[in-house]
Each structure stands twice: as C-alpha cells, then as structure tokens.
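Have a look at the structure below, then the notes.
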DNA sequence: CGCCAGGCCGTGT
DNA sequence: ACACGGCATGGC
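Residue numbers (the working numbering): 3 to 236.
What follows is the structure in structure tokens.
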C-alpha cells in the first residue's frame, strides 16, 4: 500500500529539518515525572514560563512523584503559578498522581508497561489531558512509539502546503495518522526515536519561524520544499 | 502596550 | 462534528 503524498512530504520535512538542526535530545527534562509535569504546564504556555515553575517545584522538593503526592493542592498551585492556568493545572497534576497510585502502585515504570491503546484511553480520561498531552506523556515519559503533533505542525503544514487538501484546521488524529504513515516504512523499533525527533524538530522550527503571526523568512523548509516539491510558500 | 505561548474544556450551533 | 470563549501568567 502506497503512502499518500502528504505523508511523504512530512517525511521529507523531517529529513530536511534533521539536516538543518541536528539531534534535538528531547524532552528537555531529567526524569519521566518531570516530563509529565512539563507536558501539563506547557499547555498554551511559553516554555520559559514552564521553566520557572519547574524551578519552583525543584526548590520545594516537589519535582518527583513522592513530592507531588506530599504537597497540598494550594502549595502546588502557588508553585506553578508562573506558567498560568494553575486553577486547572494543579488539580490535574494531582489527578495524574491519583491515577498512578490507584492503578500502578505509584510507579511510572508500571504505568509504562501497560498496553499503549488502553493507557492512552486512561490518560485521556484524566482532567486536563487532551490528545497532545496524552501522546507527549506516552512518548517522552513512557517511551511508547506514538506520534505527537501540535499547532506548530498544523501551521507549518498549512503554510508550506504539505497537505491535500491544504486544511488549516486538520483534526489532531488526522495529523498523527499522517505522521505515522510518514514513518511507516521504517523499522518498528525505530519509530519511537523518529516520532521523538520529528516533534522536537517541529517545535524547533515552529518557535523560530512559524509563529501565529507569519514570520517565515529564513525558514529552512522554505527553499528546500519549494525546489523539491515545486510548491508555493504560504 | 498588545500579542502570544509546545492545550483543554464546556457550551452552543 | 466544528466554532468559540474562558482559563492566567510572563516574555518579548
């Protein structure tokens, strides 16, 4: 079965960004629980602000499962204040710990051992966890081979006309399906690393060149994609 | 100063 | 199934 053209374009996008930016070494965190925390905190929030909250948590000894379990909701809310939406994010993080304790003995390793589809459903059932947060946790904290996509990829794909039709509002699941197809020819054992790198590269180029207000000058994708695919820019 | 950031959720069509 | 507003802060 032959991959659709959009998937091939996403694959080319990955290759060209990999050549331009090199390995991204994502997720920027030291431990799996730190990945989980960052995934919640970065929702519609600048990563710089997330770093402040992470630093607060670290100082308070709360940058761990046991630490998060121990502190009060009020305390947690105060510590993550810099990254905003704390009235939602604080209870959401507590709910994650509650799930971890109730079903996985408080162990992220045991959680990681659960089958991907069931685990994804359990995560999506949590408050404050939508598809992107669930997939980020699955991939970057738990090592499951699932693609992570976001508004950056949607925007990049639209501006470079990678999709057919060139939808500006392609659903999340459609975008992840295309990403899966983009790497379908690669060995299964390499998918986690490829999905890891693809999303990291997407964010890198997105931050630098593909904000909400178009600023696509010097985008490493512009020249290459235009010449290789004969596509219009924007 | 105004716009924006690595979404999610409830509500209304 | 989508569209839209609210959620909150800090950086640039």
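Even for Gly, the Cβ is constructed at its ideal location relative to N, Cα and C.
Just verifying my parser: in three-state terms, what is the DSSP assignment at residue i?
{"i": "residue 234", "result": "Its pLDDT being 44, under 50, residue 234 is placed unreliably by the model, and nothing is read from it."}
{"i": "residue 87", "result": "coil"}
{"i": "residue 219", "result": "coil"}
{"i": "residue 224", "result": "helix"}
{"i": "residue 229", "result": "Because residue 229 carries a pLDDT of 48, less than 50, the predicted location of this residue cannot be relied on, and no value is offered for it."}
{"i": "residue 214", "result": "coil"}
{"i": "residue 31", "result": "coil"}
{"i": "residue 56", "result": "helix"}
{"i": "residue 16", "result": "helix"}
{"i": "residue 96", "result": "helix"}
{"i": "residue 207", "result": "helix"}
{"i": "residue 146", "result": "coil"}
{"i": "residue 107", "result": "coil"}
{"i": "residue 69", "result": "helix"}
{"i": "residue 198", "result": "helix"}
{"i": "residue 132", "result": "coil"}
{"i": "residue 45", "result": "coil"}
{"i": "residue 170", "result": "coil"}
{"i": "residue 74", "result": "coil"}
{"i": "residue 126", "result": "helix"}
Mind reading off the beta-carbon distance from residue i to residue j? Whole number of angstroms is fine, and I expect it under 8 Å.
{"i": "residue 99", "j": "residue 66", "result": "With 8 Å as the limit, residue 99 and residue 66 do not qualify as a contact, their Cβ atoms being about 10 Å apart."}
{"i": "residue 164", "j": "residue 11", "result": "4 Å"}
{"i": "residue 129", "j": "residue 97", "result": "5 Å"}
{"i": "residue 74", "j": "residue 43", "result": "Not confirmed; about 18 Å, so no contact."}
{"i": "residue 218", "j": "residue 156", "result": "Rounded, the Cβ-Cβ distance is 15 Å, inconsistent with contact."}
{"i": "residue 237", "j": "residue 87", "result": "Outside the displayed range of the chain (3 to 236) lies residue 237, so it cannot be described from this structure."}
{"i": "residue 81", "j": "residue 94", "result": "The pair is not a contact, with the Cβ atoms about 14 Å apart (cut-off 8 Å)."}
{"i": "residue 2", "j": "residue 180", "result": "What the structure shows of the chain is the stretch from 3 to 236, and residue 2 is not part of that stretch, so it cannot be assessed."}
Let me check understanding here. Comparing Cα to Cα, which of the options lies closest to residue i?
{"i": "residue 126", "options": "155, 137, 110", "result": "137"}
{"i": "residue 109", "options": "178, 63, 33", "result": "33"}
{"i": "residue 182", "options": "16, 197, 171", "result": "197"}
{"i": "residue 134", "options": "84, 152, 107", "result": "152"}
{"i": "residue 140", "options": "46, 124, 154", "result": "124"}
{"i": "residue 159", "options": "195, 90, 223", "result": "223"}
{"i": "residue 190", "options": "40, 30, 115, 149", "result": "149"}
{"i": "residue 220", "options": "64, 93, 19, 61", "result": "19"}
{"i": "residue 174", "options": "64, 79, 154", "result": "154"}
{"i": "residue 22", "options": "116, 216, 206", "result": "206"}
{"i": "residue 60", "options": "39, 186, 111", "result": "39"}
_For the pair the segment 141-149 and the segment 207-214, tell me if three or more CB-CB distances fall below 8 Å._
As far as the Cβ criterion goes, the segment 141-149 does not touch the segment 207-214, which means the pair count is below three.
*Does the segment 160-178 touch the segment 49-67, meaning 3 or more C-beta pairs lie closer than 8 Å?*
Note that the segment 49-67 does not touch the segment 160-178; fewer than 3 beta-carbon pairs, one per stretch, sit closer than 8 Å.
*Using 8 Å as the threshold, is the segment 196-206 in touch with the segment 18-27, meaning 3 or more CB pairs across them?*
Output reads yes: the segment 18-27 touches the segment 196-206.
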